[in-house]
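Take the position in the sequence shown, starting the count at 1, then add 1378; the result is the number in our numbering.
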Amino acid sequence: MHSHAMTQSQPQTFTPLEKRVTLIALMIVFLLSALDQTIVATAMPRIVGQLSGLDLYPWVTTAYLLASTVMVPIYGKLSDIYGRKPILVIGIVIFIVGSALCGLSGEFGDLPLLGGGMVQLIVFRAIQGLGGAALITSAFAVIADLYPPRERAKLGGLFGSTFGLASVVGPLVGGFLTDLPTVHLLGYEIAGWRWVFYINLPLAGLALFMILVKTPRLTHRTGGRIDFVGAALLLTCFVPLLLALSLGGTAGWAAPHVLGLFALAALSLIAFLVVEARVENPIISLSLFKNRTFATANLSAFLMFMAFMGMVSYLPLYMQMGLGLPATTSGLAMTPLTIGLIVAATASGFLVNRIGRYKIVMVAGAALTALAAFLLSQTPPDAELPDLMWRVTLLGLGLGPAQSVFNLASQNAVPRDQLGVATSAGQFFRQVGSTVGVAVFGAVLTHNLAAPMKSAPAAEPTAQVRSLSLAEIEKMAVGAHQGAAGEGAVAVVQPEVRAAVTSAILGVVFTGFLVCLLGLASTLLVPDLPLQASRKPEPLDVRALGEAPGEPPQPDRGAG
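Written as structure tokens, this is what we have:
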């Protein structure tokens, strides 16, 4: 008790070297996590070619997404109980182990229980996701421990821009590594695509070393017991929900197993809310939702990321089908969006740091995103690539602030002992919003394709599109650029089919505009609390949820 009292009465201080080394290590960790999806996506065609199992293709991404999403709030609570540093170290170790196993997938043929190489890769990607969940959550929480909110805004912008950088660099690095020649080592052949996973080992190892040696022991731990029942119910709620959203687009939303998964998710959610309201140390404290800043900022982030992923996922397909671009070129054509996102994320962080306010930046970003979505939905059928690119650039500029400012607003408004939970909750709602966006907007696309063609005679080209799945349409788009001999190319080049698909995709973008308007409305409700410029304790008691003029004073935060 005495040592705890000492910790509370004396601010924890950090040397500039500790801060600097920790920040570099966190940037490495953060970049690895952000790069992982884009690098692997580029290598997937080669991986499928070697490991076979085309029907399992989507599960390589889904497994990582499921594991990383559902573990985010659990890691957040664990970091509040046991400290950020040990949880971050555990996350990096699991990520390293998962990466190594992914690289070894199929290397030793079929394995007991796991089976062939593709199933092995899916299981190992889930392990990698379990570690990846701790990387981003803990990185933001450690920064919150080391820096006061106003200074943190600047760093949040830099970290937010890392996501944009990863989407540009990822495909290039993934393509380079995948094309590396096969090497022979200790009697085994190591194909180029395996380096997509092995590249994580030295970089994550370096970050782990830096964190172990230089990151200070952060003395904010709250103690308490783990809410095992709440954690289990969280898993049985969101794993079925995310699975149902992933399967609904292909198996049909009315399929018995999809409806069963939704029912299980709903029952688990009700049980989770009942348990969290009664348990002493909940995974997600329901009292946080009484905090107006926390509730509205996370609702806004959920809606903005839902719209973002829902639109961005189908824009490359629009470029391939509507503008006739090859798949590789359509990927590069998304670069302006990324550049706009990087510029806006970085600039918004510096701006918030300078003015000490976040709401004006959040509202401006949400308004610009909605405007860009509307302009994209009104793209003329005969648009040239430059006409589309300036609209996409606007979308990136609008989305930039969402990468970090929403998270900052939540952190700034909650008590220090709930900082980890608040940080992880923000990340959790963004990831669930992204997943929901892709699934729901995919359903909108399927509906848009079918609706105007119900009366079309079977012989008409447009009638062919009605029964196609999204994956088949994507395959047709790629086939159109593999020469006239490619099957499906004949159907794609027919103007009626092209017009039907592009019109349906623009309808999806308009849905994104409507969701952006909802996001803007909820952003307007976020209270504009001033950001603390230092960690020095305030003389006033500002712990009242939803009414604090800044982050509540916590003596153990350190004097920086």
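We put the CB at the ideal spot given by N, CA and C, even for glycine.
Between E1654 and the rest of its own chain, which residues show a CB-CB distance below 8 Å, the 5 nearest in sequence each way excluded?
As a working note, residue 1654 is residue 276 in the sequence shown. D1605, G1608, P1660, I1661, I1662, S1663 and L1664.
Of the residues G1702, M1682, P1764 and Y1692, the one placed nearest F1784, counting alpha carbons only
To locate residue 1784, count along the sequence shown from 1; it is residue 406. Comparing Cα-Cα distances from F1784 to each of G1702, M1682, P1764 and Y1692, the minimum goes to M1682.
If you draw a straight line from the alpha carbon of V1871 to that of T1824, how long is it in whole angstroms?
Indexing the sequence shown from 1 puts residue 1871 at position 493. Indexing the sequence shown from 1 puts residue 1824 at position 446. Note that V1871 scores 45 on pLDDT, short of 50, meaning its location in the model is unreliable; the coordinates nonetheless yield the value given after this. Rounded to the nearest angstrom, the two C-alpha atoms are 20 Å apart.
Could you tell me the distance, in whole angstroms, from the CA atom of V1471 to the CA atom of S1881?
Residue mapping note: residue 1471 aligns to position 93 of the sequence shown, counting from 1. Residue mapping note: residue 1881 aligns to position 503 of the sequence shown, counting from 1. Their Cα atoms are separated by approximately 47 Å.
Please state whether the Cβ-Cβ distance between F1819 and G1890 is less than 8 Å.
Locating residue 1819 in the sequence shown gives position 441, where the first residue counts as 1. Locating residue 1890 in the sequence shown gives position 512, where the first residue counts as 1. Yes, they are a contact pair.
Cβ separation of L1489 and Q1498, assumed to be a contact under 8 Å, to the nearest whole Å
Numbered from 1 along the sequence shown, position 111 holds the residue referred to as residue 1489. Numbered from 1 along the sequence shown, position 120 holds the residue referred to as residue 1498. About 6 Å separates the two Cβ atoms, so the contact holds.
Skipping 5 residues on each side, what residues in its chain have a beta carbon closer than 8 Å to that of I1465?
The sequence position of residue 1465 within the sequence shown is 87, counting from 1. Within the same chain, I1465 has close Cβ partners Y1453, L1456, S1457, A1512 and S1516.
So which of T1614, F1640 and G1484 has the shortest CA-CA distance to A1622?
Position 244 of the sequence shown, counted from the first residue, corresponds to residue 1622. Among T1614, F1640 and G1484, the Cα nearest to that of A1622 belongs to F1640.
For P1451, is the classification buried or exposed, using 16 other Cβ atoms within 10 angstroms of its Cβ as the cut-off for buried?
By 1-based counting over the sequence shown, the position of residue 1451 is 73. P1451 comes out buried.
Buried or exposed for W1768, please, with buried defined as at least 16 other CB atoms from any protein chain shown within 10 angstroms of its CB.
Locating residue 1768 in the sequence shown gives position 390, where the first residue counts as 1. Exposed.
Relative to the C-alpha of A1445, which candidate in I1738, T1614 and T1757 has its C-alpha closest?
The residue you call residue 1445 lines up with position 67 of the sequence shown. Nearest of I1738, T1614 and T1757 to A1445, Cα basis: T1614.
Taking the CB atoms as reference points, tell me whether S1678 and G1897 lie closer together than 8 Å.
Against the sequence shown, residue 1678 aligns to sequence position 300. Against the sequence shown, residue 1897 aligns to sequence position 519. The answer is yes: Cβ separation under 8 Å.
Judging by CA-CA distance, which residue of S1624, K1532 and L1434 is the nearest neighbour of I1500?
Here residue 1500 corresponds to residue number 122 of the sequence shown, with the count starting at 1. Minimum Cα distance to I1500 is reached at L1434.
Among the residues of its own chain, which have a CB less than 6 Å from the CB of P1905, if the five just before and after it don't count?
For the purposes of this step, residue 1905 is identified with residue 527 of the sequence shown, where counting begins at 1. Excluding positions up to five away in sequence, the list reads R1670 and T1671.
Within 10 angstroms of its Cβ, does T1391 collect 16 or more other Cβ (buried), or is it exposed?
Taking the first residue of the sequence shown as 1, we reach residue 1391 at position 13. By the 10 Å Cβ count, T1391 comes out exposed.
Per DSSP, the bridge partner or partners of L1489
On the sequence shown, position 111 is the one that residue 1489 refers to. DSSP, once it has assigned bridges, lists G1493 as partnering L1489.
Sub-8 Å separation of S1755 and L1884 beta-carbons:
One-based indexing of the sequence shown puts residue 1755 at position 377. One-based indexing of the sequence shown puts residue 1884 at position 506. Yes, they are a contact pair.
What is the residue span of the beta strand (DSSP E) that L1563 lies within?
Residue numbering aside, residue 1563 sits at position 185 when the sequence shown is read from its first letter. It spans V1561 to L1563 - the beta strand (DSSP E) in which L1563 sits, taken as one unbroken run.
Where does E1658 sit, in a helix, a strand or coil, going by DSSP?
Along the sequence shown, one-based indexing puts residue 1658 at 280. Three-state result, E1658: coil.
Which residue wins for smallest C-alpha separation from Q1805, given the options V1887, A1675, R1876 and L1903?
Against the sequence shown, residue 1805 aligns to sequence position 427. Among V1887, A1675, R1876 and L1903, the Cα nearest to that of Q1805 is on A1675.
Local Cβ density within 10 Å of A1723, reported as buried at 16 or more and exposed below that
The residue labelled residue 1723 in the question sits at position 345 within the sequence shown. Buried.
E1567 - partner residues in DSSP beta bridges
Sequence index remark: in the sequence shown, residue 1567 carries index 189 (1-based). In the DSSP output, where bridge partners are listed per residue, E1567 has H1562.
From G1535 to T1447, what distance separates their C-alpha atoms?
The residue you call residue 1535 lines up with position 157 of the sequence shown. The residue you call residue 1447 lines up with position 69 of the sequence shown. Cα-Cα distance, rounded: 22 Å.
Return the CA-CA distance between E1396 and M1588, expressed in angstroms with no decimal places.
Residue mapping note: residue 1396 aligns to position 18 of the sequence shown, counting from 1. Residue mapping note: residue 1588 aligns to position 210 of the sequence shown, counting from 1. Going by C-alpha positions, E1396 is about 10 Å away from M1588.
Residue environment, G1542, which counts as buried when at least 16 other CB atoms sit within 10 Å
Indexing the sequence shown from 1 puts residue 1542 at position 164. Looking at its Cβ environment, which holds 16 or more other Cβ atoms inside 10 Å, G1542 is buried.
Can you have a look at K1463 and say buried or exposed, based on whether 16 or more other CB atoms are within 10 angstroms of its CB?
Locating residue 1463 in the sequence shown gives position 85, counting from the first residue. Looking at its Cβ environment, which holds 16 or more other Cβ atoms inside 10 Å, K1463 is buried.
Can the beta-carbon of G1548 be found closer than 8 Å to that of I1417?
Translated into the one-based positions of the sequence shown, residue 1548 becomes position 170. Translated into the one-based positions of the sequence shown, residue 1417 becomes position 39. The answer is yes: Cβ separation under 8 Å.
Suppose you measure from the CA of V1799 to the CA of L1409; what does that come to, to the nearest Å?
As a position in the sequence shown, residue 1799 is number 421, starting the count at 1. As a position in the sequence shown, residue 1409 is number 31, starting the count at 1. Answer to the nearest angstrom: the Cα atoms are 22 Å apart.
Pick from T1757, L1775 and L1753 that is closest to I1717, judged by C-alpha positions:
If you number the sequence shown from 1, residue 1717 lands on position 339. Of T1757, L1775 and L1753, the residue nearest in Cα terms is L1775.
Nearest-angstrom Cα distance between Y1576 and A1569?
On the sequence shown, residue 1576 is found 198 positions in, with the first residue counted as 1. On the sequence shown, residue 1569 is found 191 positions in, with the first residue counted as 1. Near 11 Å, if we compare the C-alpha coordinates of A1569 and Y1576.
Which two residues bound the contiguous alpha helix (DSSP H) that contains P1908?
On the sequence shown, position 530 is the one that residue 1908 refers to. Segment: none, P1908 is in no alpha helix (DSSP H) and carries neither H nor E.
Please go through the same chain and pick out, in chain order, the residues whose beta-carbon is closer than 6 Å to the beta-carbon of L1586, but skip the five residues on each side of it.
Numbered from its first residue, the sequence shown carries residue 1586 at position 208. So the qualifying residues of the chain are I1470.
Own chain partners of R1735 with C-beta closer than 8 Å, once the 5 adjacent residues on each side are dropped:
Residue numbering aside, residue 1735 sits at position 357 when the sequence shown is read from its first letter. Excluding positions up to five away in sequence, the list reads D1906, P1908 and L1909.
For G1669, which of helix, strand or coil comes out of DSSP?
Counting from one through the sequence shown, the residue named residue 1669 turns up at place 291. Before going on, a small fix: residue 1669 reads as Asn here, not Gly. The answer is coil: DSSP assigns N1669 none of H, G, I, E or B.
Using a 10 Å radius around the Cβ and a threshold of 16 neighbouring Cβ atoms, would you call I1648 buried or exposed?
Your numbering for residue 1648 matches position 270 in the sequence shown. By the Cβ neighbour-count rule, I1648 is exposed, with fewer than 16 other Cβ atoms within 10 Å of its own.
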